[in-house]
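Enquirer: Sharing a structure, written as structure tokens. Questions coming.
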Amino acid sequence: MPADATPPHETYSYLGPAGTFTEAALAQVPEAAGKHWRSVNNVGEALADVVAGRSTAAMIAIENSIEGGVSATQDALATIPDLRIIGEYLVSVNFVLVARPGTTLADVTVVNAHPVAYGQTHLWLDKNLPGHGHIPASSNVAAAANLLTHDHANAAVAPPGITKHYDLEVLADGIGDNPNAVTRFVLVSRTVAVPPRTGADKTSIIAELPDDKAGRLLEMLEQFATRGVNMSLIESRPIGDALGRYRFNIDLDGHILDERVADALLGLKRFSPNVIFLGSYPRADKLEIEVSQRYEDDSFTAAREWLDGLITPGD
Numbered sequence: 141m142p143a144d145a146t147p148p149h150e151t152y153s154y155l156g157p158a159g160t161f162t163e164a165a166l167a168q169v170p171e172a173a174g175k176h177w178r179s180v181n182n183v184g185e186a187l188a189d190v191v192a193g194r195s196t197a198a199m200i201a202i203e204n205s206i207e208g209g210v211s212a213t214q215d216a217l218a219t220i221p222d223l224r225i226i227g228e229y230l231v232s233v234n235f236v237l238v239a240r241p242g243t244t245l246a247d248v249t250v251v252n253a254h255p256v257a258y259g260q261t262h263l264w265l266d267k268n269l270p271g272h273g274h275i276p277a278s279s280n281v282a283a284a285a286n287l288l289t290h291d292h293a294n295a296a297v298a299p300p301g302i303t304k305h306y307d308l309e310v311l312a313d314g315i316g317d318n319p320n321a322v323t324r325f326v327l328v329s330r331t332v333a334v335p336p337r338t339g340a341d342k343t344s345i346i347a348e349l350p351d352d353k354a355g356r357l358l359e360m361l362e363q364f365a366t367r368g369v370n371m372s373l374i375e376s377r378p379i380g381d382a383l384g385r386y387r388f389n390i391d392l393d394g395h396i397l398d399e400r401v402a403d404a405l406l407g408l409k410r411f412s413p414n415v416i417f418l419g420s421y422p423r424a425d426k427l428e429i430e431v432s433q434r435y436e437d438d439s440f441t442a443a444r445e446w447l448d449g450l451i452t453p454g455d
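Using our numbering, the first residue of the sequence shown is number 141, and each one after it goes up by one.
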């Protein structure tokens, strides 16, 4: 069957071409094994495939342990409706410096690299290639592929194993500034039913403050703190309609079916003029969430029964 004729439910979109870290993340999805993987050029195109029904889901990078949140992904999830995160996956990140055969390190004056990859290797590059120039690439693999079609750069920052796909030579390996760097990816589909709780879950939301008055951020954070809900991520992004207006991308430890999380979201909805629920899904690290007894489901249920008893005393 031609690629374009592959049924959407058997198609997964990812930032290509073959060999990217995004492809490595998609390889961790059991449901995607043996299905058609559609290579796209950017996050917007990947999510457009999902919205248009060309793909059942898209794998996109959302956070890096060094660079923080991926702004293009955060903004897309905030502005494209009816999307749902259904899983997260972690990929260890390191890089090699590659060049056309015959090139030496001394020959390198301009490096082609994805901006995020460049940010994670700039210490090595500054030390070993002082005064070098940088040309941004659309992906880590594209940076390497560009060397074979353009002569604007002498070398490229690329993923390990890139020479399996392209006729290039490795000038240096392990050039990442932090050997423990990890990128977090999420699998995004159209809105689906919330999956069951696993005990090791994460909930992603986006929320706006009601106005720019003093203390509003604290009020929003109190919705979670007073219910024992830990935030594993909170980052601000400009809304874009005026200076000083921001939305907050938040990851919560727990599932929307957990009483403490559900109660926090109800409080947040009363407070915020715009809350976007992106999904509750199993954590990639499988670590169970530890909750003190007063924030367990039974405590919320008992408190509700106590209140009901005050309103309608028993016989």
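We treat Cβ as the ideally placed atom computed from N, Cα and C, and that holds for glycine.
Using DSSP with H/G/I as helix, E/B as strand and the rest coil, what is Arg410?
Expert: Arg410: helix per DSSP, three-state reduction.
Enquirer: Are the beta-carbon atoms belonging to Ile225 and Val328 less than 9 Å from one another?
Expert: Yes; because the gap between Cβ atoms is below 9 Å, this pair is in contact.
Enquirer: Tell me, which residues are paired with Arg324 by DSSP?
Expert: Per DSSP, Glu203 and Leu230.
Enquirer: Considering just the uninterrupted stretch of the beta strand (DSSP E) at Ala127, what are its terminal residues?
Expert: With the chain represented from 141 up to 455, any question about residue 127 goes unanswered, as that position is not in the structure.
Enquirer: Measure the CB-CB distance between Phe161 and Val233 and report whether it falls below 9 Å.
Expert: Yes, Cβ-Cβ distance for Phe161 and Val233 is below 9 Å.
Enquirer: Considering only C-alpha positions, which residue in the set Asn318, Leu311 and Pro422 is nearest to Thr338?
Expert: Nearest C-alpha to Thr338: Pro422.
Enquirer: Pick from Ala257, Thr441, Leu308 and Gly449: whose alpha carbon is nearest that of Glu207?
Expert: Per the Cα distances, Ala257.
Enquirer: Secondary structure at Phe235, three-state DSSP: helix, strand or coil?
Expert: In this structure, Phe235 counts as coil in the three-state DSSP scheme.
Enquirer: Can Asp326 and Ile200 be called in contact, C-beta distance under 9 Å?
Expert: It should be noted that the sequence gives Val, not Asp, for residue 326. Yes, the Cβ-Cβ distance between Val326 and Ile200 is below 9 Å.
Enquirer: Contact between the segment 177 to 192 and the segment 348 to 367 is defined here as three or more beta-carbon pairs at a separation below 8 Å; is this criterion met?
Expert: No, they do not touch.
Enquirer: Just list the residues that DSSP pairs Ser329 with in beta bridges.
Expert: The partner list for Ser329 (beta bridge, DSSP) reads Ala197 and Arg224.
Enquirer: What residue from Val169, Val231 and His149 has the CA that sits closest to Ala192's CA?
Expert: Taking only the C-alpha atoms, the option nearest Ala192 is His149.
Enquirer: Since Gly419 is in the alpha helix (DSSP H), which residue starts that stretch and which ends it?
Expert: No alpha helix (DSSP H) contains Gly419, which is instead part of the beta strand (DSSP E) from Val415 to Pro422.
Enquirer: Put Glu150 into one of helix, strand or coil per three-state DSSP.
Expert: Here Glu150 sits in helix by DSSP.
Enquirer: Exposed or buried, which one is Met360 when buried takes at least 16 other CB atoms within 10 Å?
Expert: Met360 should be labelled buried.
Enquirer: Going by DSSP, what residue range makes up the alpha helix (DSSP H) through Tyr258?
Expert: Its alpha helix (DSSP H) spans residues Pro255 to Gly259.
Enquirer: For Tyr386, does the three-state DSSP call read helix, strand or coil?
Expert: Strand, per DSSP.
Enquirer: Using the rule of at least 16 other Cβ atoms within 10 Å of the residue's Cβ for burial, across every protein chain shown, is Ser279 buried or exposed?
Expert: Buried: at least 16 other Cβ atoms inside 10 Å.
Enquirer: With 16 as the cutoff for other CB atoms within 10 Å, does Ser432 come out buried or exposed?
Expert: Ser432 comes out exposed.
Enquirer: Can you tell me whether DSSP reads Met141 as helix, strand or coil?
Expert: The pLDDT assigned to Met141 is 41, lower than 50, so where the model puts this residue is not dependable; a value taken from the coordinates is nonetheless given after this. Met141: coil per DSSP, three-state reduction.
Enquirer: Determine the direct distance from the alpha carbon of Glu163 to that of Lys304, and round the result to whole angstroms.
Expert: About 15 Å.
Enquirer: Considering only DSSP beta bridges, list what Ile346 is partnered with.
Expert: DSSP lists Asn389 and Ile416 as partners of Ile346.
Enquirer: What did DSSP end up calling Pro170 once you bin it into helix, strand or coil?
Expert: Reduced to three states, the DSSP call for Pro170 is helix.
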